[in-house]
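K.L.:
Please see the structure below; I have some questions.
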Amino acid sequence: MLIDSPVGSSELEGRLRAALPADVDHASARLVDERAEHLRVRRHELDPIFNQFDTGVMITIWHGGGIGYAATSDLSESGVARAVDTAREWARITAGAMVTTAAPSGHAVGSYESPVEVSWDSMPLADRLDLLHQQSRLLGIDDRIVDWSASLVRREVDQLLLTTSRDGGEGRVEQRFRFLYPGLRATANEGTNTQTRTFGATAFCGQGGAEVLGRFGFGDAATRIAEQSLELLSAPNCPSGVMELLLAPDQMVLQIHESIGHPLELDRILGDERNYAGTSFVTTDMFGSFPYGSDLLNVTFDPTVPGQLASYGFDDDGTPARRQHLIENGVLVRGLGGEVSQERSGVPGVANSRATSWNRPPIDRMANLNVEPGDSTVDELVNSIEDGVYMHTNTSWSIDDSRNKFQFGCEYGQRVVDGEIVGTVRNPGYRGVSSTFWRNLTGVADRDSFTVMGTPNCGKGELNQQVGTGHASPACLFADVEVFGGEQ
Amino acid sequence: MSASPSTAGDAQGYFDELVTAATESLTGAEVLLANVAGERTDFIRLNNGDVRQAGTIDQRVLSIDLIEGQRHVAGSISLSGERRSDDARVMALLARLREQRAHVLDDPFLLYNTDTVSTERVETGAIPAPDAALADIRTAAAGRDLVGIYASGDTYSGFGNSLGQRNWFQSATFNLDWCFYLRSDKAAKNLYAGFEWNEDAFAAKIDWSARQLAALERDPVDLPPGEYRTFLAPRAVEEITQLLSWYGAFGRRAHETRQTPLLKMLVDDVTLSPLVNISEDTGGGVAPNFQSSGFVRPDRVPLVTNGVYTDTLVSPRSAQEFGIATNGAGDDEEPESLAISPGDVPTDAVNEALGTGLYVGNLWYLNFSDQAACRTTGMTRFATFWMDDGEIVAPVNVLRFDDTAFHLLGDRLEGLTDSADVLLDTSTYGQRSTASQRLPGALVSAMRFVL
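Protein chains in written order, with my numbering: chain A, 1 to 488; chain B, 489 to 939.
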């Protein structure tokens, strides 16, 4: 019973369907079943294998100008009935006091399933552990490497959304997600100098089976990561100054996430997040005209990319998801807000009302937020730089609560002078302001460097929620950026 | 909200029954360690004084580590609260763990408590019904832009093993974490939390926020990058200590593997100010005093004494790996009840002590510019004021700082306030947190701002 998902159980589905009241304006049951396996070998020793099984349902009732949520892991008939009563009571309490009473319109019917080329189950546990021990041996190659690890996390999440309303309408959306999160890490030290290199930080992950490993070159990365951690020990600090900045895709992930994704969330713009995650420098009147970036900047919300971390068929309100431009040729055209936020703000949005699991209500989240490729090769971008740094792999991120003044740090930098990479630099960092930074985008690499990645743990919301978001990008070049290194 | 048969009230007995049943199913020399974490939380999310989302979360997760000799595998399941169903899920989990255990070797770092030290701490509360709390909050918010979250109810955690040990922690609390917003990013942040809702205490909090909101009405100023004399309120100090904690400043593993941001204290004998005394103060906190392998924590672990590195938090795995004794730390070796001792700057006269400079109420989104050097960056947030001769001149638009704790809590620290605030962690990732910090404010002769 731990292995078989309850999503697909006709008995449970019938129980949930029967429990949803017919005498309220709108009601839903969102059943989520999650199964995960965490494997990690650290310093040649296997951490305890950890298995996770989590199942529950969120009942939501819209009625009489109120909305109530009730989440429970008790899926018995009486447990579900109690949750319905609780949600109904909350709808009564909140009637007349709500920011919005908008319910999702319509009732979606459909399904989604992660594309899987090579089933994870085709690789026995012994083989998975052997793979990690092998990577550990490739990472721990020098006494100066003081800590290292290789890890694999596999998650399966099945969801069933049932909806009903007083007019007799009914919806049913079934989605089955398969995720893989590979990880490699090497930390080298000499004195007060400690340097870490990783496998794309946490960005090299996605939907699928064992093929996700090959997608990011997991089997070939350990030696490079270990050698680069040692290389950084003897590299000079990144220089300081205003210069050109070339960002590799595994740094672009965070740049997109923090300074495009979050500012465009309509619930932030509407003020829901001001006590915690923050507000936004973007205002509703900017959509349709604001020059967010140079005309090279094209950003899409695209939940249809096969294998990307946040691909799906429907959001958690049941809105069908599709590819849409948020920024087109530099101009802001659309926000990141689900149906409810669109109604509240009057701003066009997308299908991105998402919850971390059964125990949280959905809010506006990023899904796959991608910078579309340009037409330069990475070599051409490097060759165009007179004085700059090429930075790889995020290690530090910080931005103000309006998502404007940011600072990022990267694991690995390469100094570029007169069109040539002339050496490695350590502790590379840069800072800027979102509302002007993207207008200094001077080069976007082509599809050859376009990498489909994700961020597994985006935090937001009260109650707090962590969800995975997807980001894809080629390498991108920016002019006139304040760059710095370590110590000082 | 109406009670259900699966509320936290009977959670302790239920956990004991599950562990006892699981113990009876063990074979051979198997040892079982079990932990439960649960809550029944009512929440009301507010924006502009109205309800954005409201409801109830009823959840409990059971974790099991199944050991035979030095081989073990772990897992967790959500519990329904219905005994027959949960027994079946526990047995299915045990079967899976046995199956996987066949594939693992002895774990040289396995360590669990074999001294059966059972403990119990139950904190009851007087929490208002959700509709009453909502009415109080909306009354207080009338005419103001209140945004935030109210969460209340039971949280609990327990440990049990097949050796007969049982530990239980349970508390009934409420937590209103809110801002009054003036405009754009100008807001007065406040928190009202505890075990018993008191209308007078709540009114005092509201009054404080209203006064701070009034101070924010002056036209804000932009300060250029540079170094400014600064007072960091306890909530701002909390952001610094939290970042240090997350990145292993007080954990043994990060020290041994040279990843601690306090690396210079280990390698170069750098010190913080002699005014700084930091400890893990479990006895004075509100978190459980036991951890997931059954070790009971001492009331206090000194971490930094008079500015000098003293000790670290040592998890059972680190104890085995590095050949030292555990002091009951969790696997992440992060403080849950960190405390900095107060100093001698009168708390009611910090404005005068600051004189001319920045009063920083809150910091936000900290991270490292250079972790090995403990160089830290982050933003000011909410109420930050420019002060002249102890008087508020104007609120300050957000600033980015880039500085190191070796300055802020080191050679540029002029003093700490003579009282420390108990700051409850408002985090609700996964479940409502029971962590807290007890911190004074810090007066700093110069803090470096860069953007």
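Virtual Cβ for every residue (Gly too), placed ideally from N, Cα, C.
Since we're looking at a predicted model, the values are computed, not measured.
Assuming residue 325(A) is part of the beta strand (DSSP E), what are its boundary residues?
P.N.:
Along the first sequence, one-based indexing puts residue 325(A) at 325. Here the beta strand (DSSP E) through residue 325(A) covers 324-328.
K.L.:
Could you say which of 896(B), 763(B), 793(B), 534(B) lies nearest to residue 724(B) if we only look at CA atoms?
P.N.:
As a working note, residue 724(B) is residue 236 in the second sequence. Nearest option by C-alpha distance: 896(B).
K.L.:
Of all the options 435(A), 385(A), 424(A), 379(A), which has the alpha carbon lying nearest to the alpha carbon of residue 406(A)?
P.N.:
In the first sequence, counting from the first residue as 1, residue 406(A) sits at position 406. Nearest of 435(A), 385(A), 424(A), 379(A) to residue 406(A), Cα basis: 435(A).
K.L.:
Excluding the 5 residues flanking residue 680(B) on each side, which residues of the same chain have their C-beta closer than 6 Å to its C-beta?
P.N.:
On the second sequence, position 192 is the one that residue 680(B) refers to. Within the same chain, residue 680(B) has close Cβ partners 664, 690, 693.
K.L.:
For residue 491(B), count neighbouring Cβ atoms within 10 angstroms of its own Cβ and tell me buried if that reaches 16, exposed if not.
P.N.:
Your numbering for residue 491(B) matches position 3 in the second sequence. Bear in mind that the predicted position of residue 491(B) carries a pLDDT of just 36, short of 50, making it unreliable; the figure below should be weighed with that in mind. It counts as exposed.
K.L.:
Any beta carbon of chain B sitting closer than 7 Å to that of residue 431(A)?
P.N.:
Start at 1 with the first residue of the first sequence, and residue 431(A) comes out as number 431. Judged by the 7 Å Cβ criterion, residue 431(A) is in contact with chain B.
K.L.:
Give a yes or no on whether the minimum CB-CB distance between residue 48(A) and chain B is below 7 Å.
P.N.:
Along the first sequence, read from residue 1 onward, the residue named residue 48(A) stands at position 48. Closer than 7 Å: yes.
K.L.:
Leaving out the 5 sequence neighbours to the left and right, which residues in its chain are closer than 7 Å to residue 494(B) when beta-carbon positions are compared?
P.N.:
On the second sequence, position 6 is the one that residue 494(B) refers to. Only weak support exists for where residue 494(B) lies, its pLDDT of 42 falling under 50; the value from the coordinates is given anyway. Correct list, in chain order: 546, 569.
K.L.:
To be precise: take each residue of the stretch 294-324 of chain A, compare its Cβ to all Cβ atoms of chain B, and keep it if any distance is under 8 Å. Which residues remain?
P.N.:
none
K.L.:
In the DSSP assignment, what residue or residues form a beta bridge with residue 660(B)?
P.N.:
In the second sequence, counting from the first residue as 1, residue 660(B) sits at position 172. For residue 660(B), which the question treats as bridged, DSSP gives the partners 642(B).
K.L.:
Examine chain A for any beta-carbon lying closer than 7 Å to the beta-carbon of residue 751(B), and answer yes or no.
P.N.:
The residue you call residue 751(B) lines up with position 263 of the second sequence. It does: the Cβ of residue 751(B) has a partner Cβ on chain A nearer than 7 Å.
K.L.:
Would you be able to state if there are at least three C-beta pairs under 8 Å between the stretch 896-908 of chain B and the stretch 824-839 of chain B?
P.N.:
Verdict: yes, contact present.
K.L.:
According to DSSP, simplified to helix, strand and coil, what is residue 604(B)?
P.N.:
Translated into positions along the second sequence, residue 604(B) becomes position 116. In the structure shown, residue 604(B) sits in coil (DSSP, three-state: anything other than H, G, I, E or B).
K.L.:
If I follow the unbroken alpha helix (DSSP H) through residue 696(B), where does it start and stop?
P.N.:
Here residue 696(B) is taken as the residue at index 208 of the second sequence, counted from 1. It spans 687-704 - the alpha helix (DSSP H) in which residue 696(B) sits, taken as one unbroken run.
K.L.:
Taking the beta strand (DSSP E) that residue 183(A) falls in, what are its first and last residues?
P.N.:
The residue you call residue 183(A) lines up with position 183 of the first sequence. Per DSSP, residue 183(A) belongs to the beta strand (DSSP E) from 170-190.
K.L.:
Mind listing the chain A neighbours of residue 704(B)? Cutoff is C-beta to C-beta under 7 Å, in chain order.
P.N.:
By one-based count along the second sequence, residue 704(B) stands at place 216. Ordered by position in chain A, no residue passes the 7 Å Cβ test against residue 704(B), which lies about 14 Å from the chain.
K.L.:
I'd like the list of long-range same chain contacts for residue 797(B), defined as Cβ closer than 6 Å, with 5 residues on each side in sequence excluded.
P.N.:
Within the second sequence, residue 797(B) is the residue found at index 309, counting from 1. Closer than 6 Å at Cβ, skipping near neighbours: 753.
K.L.:
Kindly indicate if chain A contains any beta-carbon less than 7 Å away from that of residue 886(B).
P.N.:
In the second sequence, the residue the question calls residue 886(B) occupies position 398. So yes, residue 886(B) belongs to the interface.
K.L.:
Let's test the definition: count the other Cβ atoms within 10 Å of the Cβ of residue 804(B) and tell me whether it reaches 16, buried, or not, exposed.
P.N.:
As a first step, residue 804(B) is located in the second sequence; it is residue number 316 there, counting from the start. Label assigned to residue 804(B): buried.
K.L.:
For residue 518(B), which residues does DSSP report across the bridge?
P.N.:
By one-based count along the second sequence, residue 518(B) stands at place 30. According to DSSP, residue 518(B) bridges with 556(B).
K.L.:
Between the stretch 339-359 of chain A and the stretch 135-148 of chain A, are three or more C-beta pairs nearer than 8 Å?
P.N.:
no
K.L.:
Is DSSP giving residue 771(B) helix, strand or coil here?
P.N.:
Position 283 of the second sequence holds residue 771(B). Reduced to three states, the DSSP call for residue 771(B) is helix.
K.L.:
For residue 258(A), which three-state DSSP category applies?
P.N.:
Against the first sequence, residue 258(A) aligns to sequence position 258. Note: residue 258(A) maps to helix in three-state DSSP.
K.L.:
Is it the case that the Cβ atoms of residue 520(B) and residue 554(B) are separated by a distance below 7 Å?
P.N.:
As a first step, residue 520(B) is located in the second sequence; it is residue number 32 there, counting from the start. As a first step, residue 554(B) is located in the second sequence; it is residue number 66 there, counting from the start. In contact: residue 520(B) and residue 554(B) (Cβ atoms closer than 7 Å).
K.L.:
Return the chain-ordered list of same chain residues with a C-beta closer than 7 Å to the C-beta of residue 900(B), the five sequence neighbours on each side being excluded.
P.N.:
Translated into positions along the second sequence, residue 900(B) becomes position 412. The beta carbon of residue 900(B) lies closer than 7 Å to those of 932, 933, 934 in the same chain, with the five residues before and after it left out.
K.L.:
Under the assumption that residue 56(A) contacts residue 91(A) (Cβ atoms under 8 Å), give the Cβ distance between them as a whole number of angstroms.
P.N.:
As a position in the first sequence, residue 56(A) is number 56, starting the count at 1. As a position in the first sequence, residue 91(A) is number 91, starting the count at 1. At roughly 20 Å, the Cβ-Cβ gap does not stay under 8 Å, so residue 56(A) and residue 91(A) are not in contact.
K.L.:
For residue 430(B), list the residues DSSP reports as bridge partners.
P.N.:
Since the first residue of chain B shown is 489 and the last is 939, residue 430(B) is not available in this structure.
K.L.:
Which chain B residues are close to residue 97(A), counting only those with a beta carbon under 8 Å from its beta carbon?
P.N.:
Walking along the first sequence from the start, residue 97(A) turns up at place 97. In chain order: 538, 539, 622, 626.
K.L.:
In or out: residue 157(A) buried (at least 16 other Cβ within 10 Å) or exposed?
P.N.:
Here the question's residue 157(A) lines up with position 157 in the first sequence. Classification for residue 157(A): buried.
K.L.:
Can you list, in chain order, the residues of its chain whose CB lies under 8 Å from that of residue 281(A), leaving out five sequence neighbours each side?
P.N.:
Counting from one through the first sequence, the residue named residue 281(A) turns up at place 281. Correct list, in chain order: 263, 402, 403, 404, 434, 435.
K.L.:
Does residue 817(B) come out as helix, strand or coil in the three-state DSSP assignment?
P.N.:
Position 329 of the second sequence, counting from 1, holds the residue named residue 817(B). Coil, per DSSP.
K.L.:
Would DSSP call residue 502(B) helix, strand or coil?
P.N.:
As a position in the second sequence, residue 502(B) is number 14, starting the count at 1. The answer is helix: DSSP assigns residue 502(B) an H, G or I state.
K.L.:
For residue 260(A), go through chain B and note every residue whose CB falls closer than 9 Å to its CB, in chain order.
P.N.:
Position 260 of the first sequence, counted from the start, is the residue given in the question as residue 260(A). Within chain B, no residue comes near residue 260(A); the closest Cβ sits about 17 Å away, beyond 9 Å.
K.L.:
Cβ closer than 8 Å: which chain B residues qualify as neighbours of residue 402(A)?
P.N.:
Position 402 of the first sequence, counted from the first residue, corresponds to residue 402(A). Neighbours of residue 402(A) in chain B, taken as residues at a C-beta separation under 8 Å, are given in chain order as 672, 673, 886.
K.L.:
Please classify residue 130(A): does DSSP put it in a helix, a strand, or coil?
P.N.:
Locating residue 130(A) in the first sequence gives position 130, counting from the first residue. Note: residue 130(A) maps to helix in three-state DSSP.
K.L.:
CB-CB under 6 Å to residue 607(B), same chain, minus the five flanking residues each way: which ones, in chain order?
P.N.:
The count along the second sequence starts at 1 and reaches residue 607(B) at position 119. When the five nearest sequence neighbours on each side are left out, the beta carbons in the same chain lying within less than 6 Å of the beta carbon of residue 607(B) are those of 655, in order along the chain.
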